[in-house]
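Quick note: to get my numbering, add 190 to the position in the sequence shown (first position is 1). What follows is a set of notes on a single structure, which appears directly below.
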Amino acid sequence: MTVATTLTSKNESQTEKQVEVDFFHIDMIPNAMDKMNWQTAASLMQHWFSIEPAFEFTKKTKNELLMMDPNLINSSQLNTDIVKMSWAMSYKQVNEGVVKLSRVWNSQNGRRELKAKLAKLGYYQKECIRVGYDNDVKYLESKAQVNYLTIGGLLDSVDGWYGAMGTSTLKVCVQGFTTLEQDKCYFIVEKLGFYLKDTYDFVDEDSTSEPLGIWNKERILNKIESALYMSSYASGLWGVLAREFSGFVPVFNKDFRRWQGKHNSGGDFIILSDVLWIDALPKDRVIEL
């Protein structure tokens with residue numbers, strides 16, 4: 191809380207009137223997230239603020255890093271510690287995504303990707319190749335990932351998932367080995383591993399800066415409240431804003447870019463979660479290569 195001082199008269203000898211002005215800065219958002227029990231979202235944003243010097247993706251570098259072997263990415267531009275699948279599975283988007291991907295991963299594209307990964311590991315038609323026997327998500331992304339599914343979106347409820355990940359990529363990797371039976375090569379799937387991959391960035395895809403919600407020190411407005419706020423603002427209903435939404439401020443991607451320019455801190459980064467292992471469905475446990 192900042193106290194602003196104003197004079198009640200042109201005569202400087204008159205008594206000053208002190209007016210409290212409540213300022214909101216974007217580095218207060220993680221604390222608001224914590225108050226809403228959005229711990230993962232708060233940790234991701236705190237991590238972004240902690241990166242020095244400032245680093246920002248462009249659309250080009252963002253896509254390049256997403257396609258790159260994560261073992262080659264600078265450690266300051268990759269986080270594998272914050273997002274946990276045990277947290278993510280409490281949200282419908284992820285739970286339903288795992289169920290769906292566990293059913294459809296063994297598609298033509300999935301088998302093609304599996305063969306390509308195995309070929310890089312050795313001559314699988316003649317020798318036993320084992321893959322996926324590790325919990326290092328960077329290794330699994332590079333050597334054992336075979337399919338993916340996009341989950342989440344702008345129409346989702348405003349909750350902890352929305353605040354942390356929004357739209358994300360759910361990936362599946364395999365744990366298993368090749369074997370030869372009667373001159374045919376098979377891959378035996380022992381486990382499927384599911385994990386999330388995303389970027390934490392403030393890149394705008396076009397000239398319009400993406401809105402990130404309407405915040406104060408305590409919380410974000412839900413979608414109904416946000417619609418009322420914006421309609422009141424557009425209509426010039428300042429009384430409604432003062433009564434109902436005191437202290438709330440719209441936040442945009444560009445606000446984080448301005449922060450970087452002013453403070454030389456804050457860095458975009460790639461997110462990889464830990465891995466959730468489950469059994470493959472019976473129909474997908476033996477794959478002819």
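Ideal Cβ placement from N, Cα and C applies to all residues, glycine included. Being a predicted model, the structure only gives us computed values, none of them experimental.
Exercise. Buried or exposed: Pro-220, going by 16 or more other Cβ atoms within 10 Å of its Cβ?
Worked result: buried
For this session: Evaluate Val-288 with the Cβ neighbour count: other Cβ atoms within 10 Å of its Cβ, from every protein chain shown; 16 or more gives buried, anything less gives exposed.
Result: buried
Exercise. Considering only the beta carbon of each residue, do Leu-304 and Val-364 sit closer than 8 angstroms?
Worked result: yes
For this session: Report yes or no: do the stretch 292 to 303 and the stretch 404 to 412 share at least 3 C-beta pairs separated by less than 8 angstroms?
Result: no
For this session: Can you have a look at Thr-398 and say buried or exposed, based on whether 16 or more other CB atoms are within 10 angstroms of its CB?
Result: exposed
Exercise. What is the rounded straight-line gap between the Cα of Ala-334 and the Cα of Tyr-419?
Worked result: 47 angstroms
For this session: Using alpha carbons as the reference points, say which of Gly-366, Phe-392, Asp-373 lies closest to Lys-381.
Result: Gly-366
Exercise. Assuming Arg-302 and Ile-378 make a contact with CB atoms under 8 angstroms, what is their CB distance in whole Å?
Worked result: Not really, about 18 angstroms apart at Cβ, beyond 8 angstroms.
For this session: Taking 8 angstroms as the cut-off, decide whether the C-beta atoms of Val-465 and Leu-330 are in contact.
Result: It is a contact, given that the beta carbons lie within the stated cut-off.
Problem set entry | Per-residue burial, Pro-472 [other beta carbons within 10 Å of its own, 16 or more giving buried] | exposed
Problem set entry | Bounding residues of the beta strand (DSSP E) (the contiguous stretch that carries Lys-368) | Here the sequence assigns Thr to residue 368, which means Lys is not the residue at that position. For Thr-368, the enclosing beta strand (DSSP E) covers residues 358 to 371.
Problem set entry | Beta-carbon contacts of Asp-259 that lie in its chain and below 6 angstroms, excluding the five residues immediately before and after | Closer than 6 angstroms at Cβ, skipping near neighbours: Ser-332.
For this session: Indicate whether the contact test is met: 3 or more Cβ pairs, each with one atom in the stretch 340 to 355 and one in the stretch 424 to 434, closer than 8 angstroms.
Result: no
For this session: State yes or no: is the C-beta of Gln-450 within less than 8 angstroms of the C-beta of Ala-244?
Result: yes
Problem set entry | Alpha-carbon to alpha-carbon, Trp-277 and Phe-247 | Rounded to whole angstroms, Phe-247 to Trp-277 spans 27 angstroms at the Cα level.
Problem set entry | Beta-carbon spacing of Leu-386, Thr-357 below 8 angstroms | Cβ distance not < 8 angstroms, so Leu-386 and Thr-357 don't count as in contact.
Problem set entry | Span separating the alpha-carbon of Glu-400 from that of Asp-394 | 6 angstroms
For this session: Please classify Lys-249: is it buried, with 16 or more other beta-carbons within 10 angstroms of its beta-carbon, or exposed?
Result: Lys-249 is exposed by the Cβ-count criterion.
Exercise. Could you give the uninterrupted runs of the beta strand (DSSP E) lying entirely in the stretch 297 to 326, keeping only those of 3 residues or more?
Worked result: none
Exercise. When you compare only the Cα positions, how much space is there between Pro-440 and Ala-306?
Worked result: Roughly 46 angstroms separates the two Cα atoms.
Exercise. Got a sec? Which residues, its chain only, sit under 7 angstroms from Trp-351 by beta carbon, not counting five neighbours each side?
Worked result: Cβ neighbours of Trp-351 within its own chain (closer than 7 angstroms, five residues either side excluded): Tyr-281, Gln-283, Gly-342.
Exercise. DSSP beta-bridge partners for Gly-457?
Worked result: Looking at the DSSP output, Gly-457 bridges to Phe-245.
Exercise. So, is Trp-428 buried or exposed, given that buried needs 16 or more other C-beta atoms within 10 angstroms?
Worked result: That one is exposed.
For this session: On a CA-only basis, which of Arg-447, Gly-353, Lys-374, Asp-388 is nearest Lys-413? Give me that one, please.
Result: Gly-353
Problem set entry | Separation of Gly-383 from Ile-468, as counted between CA atoms | 6 angstroms
Exercise. DSSP on Ile-216, reduced to helix/strand/coil?
Worked result: Ile-216 carries a helical assignment under DSSP once its states are collapsed to helix, strand and coil.
Exercise. Roughly how many angstroms lie between the CA atoms of Val-209 and Asn-454, to the nearest whole one?
Worked result: Its pLDDT being 43, under 50, Val-209 is placed unreliably by the model, and nothing is read from it.
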